[in-house]
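Residue numbers (this note's numbering): 8 to 125.
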């Protein structure tokens with residue numbers, strides 16, 4: 008009597024592939040979660056920067072603040088770049104200006120004064 012012939016063999020079966028729509032929905036959900044996480048990280052960094060009373064800080068301190076809420080240095084660098092690109096801060100060389108609106112106002116006033124004296 009050969010008992011193995013009458014058994015159902017399941018070892019070669021694979022689970023059904025998920026529907027393409029479901030995969031796309033999951034992918035969109037993951038991307039939305041990443042965007043929300045990035046926005047939350049940026050807001051945390053912005054609030055910490057607002058607490059600093061100084062006009063400018065060294066880049067090393069700025070990167071330290073950015074990295075406090077990030078999982079790695081690459082993510083902190085991306086957050087720092089986004090803050091610079093969106094003019095939340097201005098990075099010039101090794102200095103980060105925390106209040107760009109004040110710096111721009113100072114620059115405009117100094118340009119006006121120079122044009123009057125010329």
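Backbone N, C-alpha and C fix where the C-beta goes; we use that ideal spot for every residue, glycine too. Source: prediction; values computed, not measured.
query: Could you give the residue range of the alpha helix (DSSP H) that holds residue 96?; result: First-last for residue 96: undefined, no H or E at that position.
query: Count the CB pairs spanning the stretch 48-55 and the stretch 12-24 that are closer than 8 Å, and state whether there are at least three.; result: no
query: Which stretch, first to last residue, makes up the beta strand (DSSP E) that contains residue 64?; result: 63-65
query: Work out the CA separation of residue 109 and residue 65 for me, nearest whole Å.; result: 18 Å
query: Can you list, in chain order, the residues of its chain with a C-beta nearer than 7 Å to that of residue 107? Leave out the 5 residues immediately preceding and following it.; result: 94, 96, 97
query: Output the distance between the C-alpha atoms of residue 99 and residue 44, rounded to the nearest integer angstrom.; result: 27 Å
query: Could you tell me if residue 83 is buried or exposed, where buried requires 16 or more neighbouring beta carbons within 10 angstroms of its beta carbon?; result: buried
query: For residue 26, is the classification buried or exposed, using 16 other Cβ atoms within 10 angstroms of its Cβ as the cut-off for buried?; result: exposed
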